[in-house]
Amino acid sequence: MNIEFNFTRAKGKFIALCEGDDYWIDADKLQTQVDIHKRYRNITLSCHKALEKNLSEKTEKLTYVLDGCDQFIETEDIVTRKKGYLPTASMMITSDFMQQISGYFKYINPPVGDYFIQIFMAFYGRVYYLSTLTSVYRKNVEGSWSETQSDSNALLNHRLKMIAALNKSWTYFSWTSKANAIAIPWAHYSIGIALPSASCYARLKVIKSFSPAFSIKKTRLLVRYYGFIFARSFRRIKS
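In numbering that gives the first Met the number 0, the protein residues as written are 0 to 238.
So, in structure tokens, the structure goes:
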């Protein structure tokens, strides 16, 4: 998702997102979301549930289905993905912050666009959820990101970039106490996923990418890492 190329060319009051793998299935989708944005002036992002089609497994399921009816979503729930992954093709955002979001993306240099757009919009306004089903997310399409996740090196590099972007996002939104919610996805990508799945030496790259905000955790992990390397080298020499 190229913020600089596409977003600067969008001239409308609202911008609806739909990547090439996905599609909309309701002729009233856009008007419904526009009406919601006009009704609640503080909404910066609206979304809805979607149908997920897994092309490799030949399965279908509903995704991002929240309890109850239409509702506001808290900033922390967007940042932490507590309620799941928000479907990109369900998103409509206001164009009021295009200049600011362009600066934000230049600062954090994220590996993906949709998630960090969600974070930005959640910090600068309200997020509204519609219970209607009006888009389809196609998973494991040939050549798509979900399909290329089987490449371990590409996946590790992606996670390192996610960690770096989350580190910078924490700094960018430090003016609000809600920025602390970024610690949860940060821990998910670094300690929860990247460290366990990385090779021995790749783990050092993950640890060194940690923000100063996690200096205590970083120090402990470095001690454990070098202790492991020393012990393994000693065993080899001894044998």
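For every residue, glycine included, the Cβ atom is placed at its ideal position computed from N, Cα and C.
Here LEU44 is bridged, per DSSP, to ILE92, VAL126. Our two residues, SER173 and TYR103, have alpha carbons roughly 13 Å apart in a direct line. Ranked by Cα distance from LEU154, the first of GLN98, TYR171, PRO110 is PRO110. Within the DSSP secondary-structure output, ALA26 pairs in no beta bridge. Comparing alpha-carbon positions, the option among TYR128, GLU56, TYR84 lying closest to ASP69 turns out to be TYR128. The C-alpha of LYS167 lies about 5 Å from the C-alpha of ILE107. When beta bridges are read from the DSSP output, VAL135 appears opposite TYR22, LEU50. THR87 is not a Cβ neighbour of LYS177, given a cutoff of 8 Å.
The beta carbons of TRP169 and ILE183 sit no closer together than 8 Å. With respect to the 8 Å criterion, ASP27 and ARG137 are not classified as neighbours on the basis of their beta carbons. VAL78 and PHE115 have their C-alpha atoms roughly 9 Å apart.
Ranking GLN99, SER94, GLN117, TYR123 by CA distance to the CA of ARG8 puts SER94 first.
Taken through DSSP and simplified to helix, strand or coil, GLU75 comes out as helix. Separation of THR175 and ASP34 (C-alpha to C-alpha, rounded to the nearest whole angstrom) is 29 Å. Inclusion of SER89 and HIS36 in the CB contact set at 8 Å is not warranted, their separation being larger than that value. Under DSSP, LEU61 forms a beta bridge with LEU50. Taking C-beta atoms under 8 Å as the contact rule, GLY124 and ASN53 fail to qualify, at a distance of about 33 Å.
The alpha carbon of ALA15 has as its nearest neighbour, out of ASP113, GLY83, SER101, the alpha carbon of ASP113.
Taking a contact as a CB-CB distance under 8 Å, the pair MET97 and SER45 does not count as one, their CB atoms being some 17 Å apart. ALA15 carries a strand assignment under DSSP once its states are collapsed to helix, strand and coil. As the crow flies, the alpha-carbon of LYS105 is around 35 Å from that of LYS60.
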